[in-house]
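Visitor:
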Amino acid sequence: MADVLSREARSRLMARIRQRDTAPEIVLRHGLHRLGLRYRVNASGLPGRPDLLFPRHGVAVFVHGCFWHGHSCRAGRLPTSNVEYWTPKLAANAARDRRKADGLRRLGWRVITVWECQLKDADRASATVERVARRIHGDG
Numbered sequence: 171m172a173d174v175l176s177r178e179a180r181s182r183l184m185a186r187i188r189q190r191d192t193a194p195e196i197v198l199r200h201g202l203h204r205l206g207l208r209y210r211v212n213a214s215g216l217p218g219r220p221d222l223l224f225p226r227h228g229v230a231v232f233v234h235g236c237f238w239h240g241h242s243c244r245a246g247r248l249p250t251s252n253v254e255y256w257t258p259k260l261a262a263n264a265a266r267d268r269r270k271a272d273g274l275r276r277l278g279w280r281v282i283t284v285w286e287c288q289l290k291d292a293d294r295a296s297a298t299v300e301r302v303a304r305r306i307h308g309d310g
């Protein structure tokens, strides 16, 4: 199936997708801040520039979009059109995620990955924030 948008229109649309300060990231940040946890945002100088960095606890947190990072949930499904483009693209994203997490672990950081779908509705978000806070403190 051909794309209904021109290359230029598709490019403009894709360029508008945020890489930082996304809605799921902000939900997690606000929840963890409410629990008294303080962090650095998009810490440069580390592999993958973690979305949240807790230097005091030695923890790096990535908030991944389900589609872009190939999660196994409904939102992470592979598109049915242009499969020859999306399959290697999303596989490369997942491989890059593993390399960045491994690089952080080699530097002594604990790595936590939170998926967009875990922060969609208020109940799941609240449970996710609690679970991440326990893991940051080393209790989970």
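Heads up: the sequence shown begins at 171 in our numbering, then just goes up one per residue. Yeah, the Cβ is synthetic: ideal placement off N, Cα and C, and Gly gets one too.
1) Applying the criterion that 16 or more other CB atoms from any shown protein chain within 10 Å of the CB defines a buried residue, is residue 220 buried or exposed?
2) Which word fits residue 196, buried or exposed, when buried means at least 16 other C-beta atoms lie within 10 angstroms of its C-beta?
3) To which residues of the same chain is residue 263 closer than 8 Å at the C-beta, ignoring the five residues directly before and after it?
4) Can you give me the C-alpha to C-alpha distance between residue 236 and residue 289, rounded to a whole angstrom?
5) By how many angstroms is the C-alpha of residue 302 removed from the C-alpha of residue 203?
6) Is it true that the CB of residue 225 sits closer than 8 Å to the CB of residue 210?
7) Pull up the distance between the alpha-carbon of residue 306 and that of residue 252, whole angstroms please.
8) In its own chain, which residues sit with a C-beta less than 7 Å from the C-beta of residue 294, not counting the 5 before and 5 after it?
Guide: The answer reads as follows:
1) buried
2) exposed
3) 238, 239, 240
4) 11 Å
5) 12 Å
6) yes
7) 40 Å
8) 288
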